[in-house]
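Residue numbers (the numbering used here): 199 to 519.
Encoded structure:
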């Protein structure tokens, strides 16, 4: 029998799944294959007996009823074991459930062609299977949206990424930025992410500030002393009526006139003043110019602006809440 049923069985340990789904489906498929390999009356009668004992529509209803409960839903159970709630896990089980429904539909079509009279070919069972399948796909889309609205991945993300950096082969900042971008893009979330990688050992913390209410929106990663990583997440429901993003350029002019000191980077206390003066700003970073790598994930609109100041050889990054 198809492997996706075996995969489901690993997650759904209830006896009902074995007796109401696995066994009758396996029996129907066996007799269907006999009909195809040995098209004789005995094979047809065996298939008909198996079909009348448990029709594909009835099997599908039993499986769908199991999916309605979290403890017997393999997709939700698999997502529970995935700390980052990735699209890889969700899509894997979405496809397996879809394949199982497709198997029921194929068995029903096979039975309709062999067993049903002309006046029965209204395909009632097939139509019902289609309707229930469409209903389930809508439910799975709803589950997907629920995961996107949650942020349960966040408490695990920093440790998982730091462990990955610590154990993976050494990479230059550009490749590591690409790798982190690809990793973050697999998380099933509506949050957006900004990645800034700075070459060298110098940490961001000495010239970095965030608004007090954003303490749970960022963290740092240590790239084995070769680079430092700053990761910022942005929530989709934050709006800024008081300032348009394009007006950040004027803020940079203000910052240059009031906070830059010739020959020196911005001091942390200056950056903190800057943050407090402009509430829509979530973070600000001042760092030496160099091969800084930036990546944005899951966002169509720009929410981080970079300004370079050649006279003091520094880059200044400002991100919206």
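Where is the CB? At the ideal position from N, CA and C, for every residue including glycine.
For residue 379, the uninterrupted alpha helix (DSSP H) run begins and ends at 371-382, by DSSP. Sixteen is the threshold: when 16 or more other Cβ atoms of the shown chains lie within 10 Å of the Cβ of residue 517, as they do, the residue is buried. In this structure residue 492 does not touch residue 429 by the C-beta definition: roughly 12 Å separates them, more than the 8 Å allowed. Take the alpha-carbon of residue 384 and the one of residue 432: they are about 16 Å apart. Taking the Cβ atoms as the reference, residue 358 lies roughly 17 Å from residue 288, outside the contact range of under 8 Å.
Across the structure, residue 269 and residue 275 are spaced so that their CA atoms are roughly 7 Å apart. Counting only runs of at least 4 residues, the region 290-366 fully encloses the following alpha helix (DSSP H) elements, listed from N- to C-terminal order: 322-347, 352-365. If the five residues before and after residue 252 are omitted, its C-beta is found closer than 7 Å to the C-beta atoms of 222, all from its own chain and listed in chain order. Secondary structure at residue 413: coil, using DSSP grouped into helix, strand and coil. Comparing alpha carbon positions, the residue from 490, 259, 503 closest to residue 480 is 503. Residue 390 places its beta carbon less than 7 Å from that of residue 497.
Judged by beta-carbon spacing, residue 255 lies within the 7 Å limit of residue 326, meaning their Cβ atoms are closer than that value.
In this structure, residue 414 sits away from residue 346, with a CB-CB distance that is not shorter than 7 Å. No Cβ-Cβ contact shorter than 7 Å links residue 229 with residue 218. According to the DSSP secondary-structure assignment, residue 205 is paired through a beta bridge with no residue. Taken through DSSP and simplified to helix, strand or coil, residue 504 comes out as strand. Note: residue 396 is bridge-paired with 426 in the DSSP secondary-structure output.
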